[in-house]
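Single-structure report; data block below.
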Amino acid sequence: MKQQNLAILVTCLAAGLFACSQAELVSVSECDKVVAHAQTILKENAPSKADMLKQCKAATDEARGCVLASDKPMKLLKCDF
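All the letters of the sequence shown, read from the start, carry residue numbers 2 to 82 under the working numbering.
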């Protein structure tokens with residue numbers, strides 16, 4: 002019985018981690034929103050808005066989605082932004 006519960010738990014955790022790692026695609030037209038969100042997270046450590054907008058426009062839809070899905074600075078570092 003314990004092995005079965007452990008297997009179910011492992012399966013659920015794996016499914017949850019996979020789902021969380023897949024950020025929604027965000028188009029370049031949403032860069033103002035992406036930059037504002039990143040600035041909120043990074044606070045005084047954020048680069049200039051102009052620099053961030055350049056990065057955002059050059060980034061992929063996946064990278065922009067990753068930024069919007071982040072809620073901590075360390076998570077932002079994982080984004081290819």
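Every residue gets a Cβ at the ideal spot worked out from N, C-alpha and C, and that includes glycine.
Every value quoted in this text rests on a predicted model; they were computed, and no experiment measured them.
Tell me whether residue i is buried or exposed, calling it buried when 16 or more other Cβ atoms sit within 10 Å of its Cβ.
i, result
"Ser71", "buried"
"Ala59", "exposed"
If I measure Cβ to Cβ from residue i and keep anything under 7 Å in the same chain, skipping five residues before and after, which residues do I get?
i, result
"Ala64", "Cys80, Asp81 and Phe82"
"Val68", "Val35, His38, Ala39, Leu77, Cys80 and Phe82"
"Asp62", "Leu26, Val27 and Ser28"
Using the three-state DSSP reduction, which class does residue i fall into: helix, strand or coil?
i, result
"Lys34", "helix"
"Glu25", "coil"
"Lys79", "coil"
"Asp72", "coil"
"Thr41", "helix"
Using a Cβ-based criterion (distance less than 7 Å to any ligand heavy atom), does residue i qualify as near the ligand GDP?
i, result
"Val27", "Looking for the ligand GDP in the displayed structure turns up nothing, as the structure carries no ligands at all."
Would you say residue i and residue j are within 8 Å of each other, going by their C-beta atoms?
i, j, result
"Leu83", "Pro74", "In the structure as shown, the chain starts at 2 and stops at 82, and residue 83 therefore has no counterpart that could be examined."
Less than 6 Å between C-beta atoms, sequence neighbours within five positions excluded: which residues of the same chain meet that for residue i?
i, result
"Ala24", "Gly66, Cys67 and Ala70"
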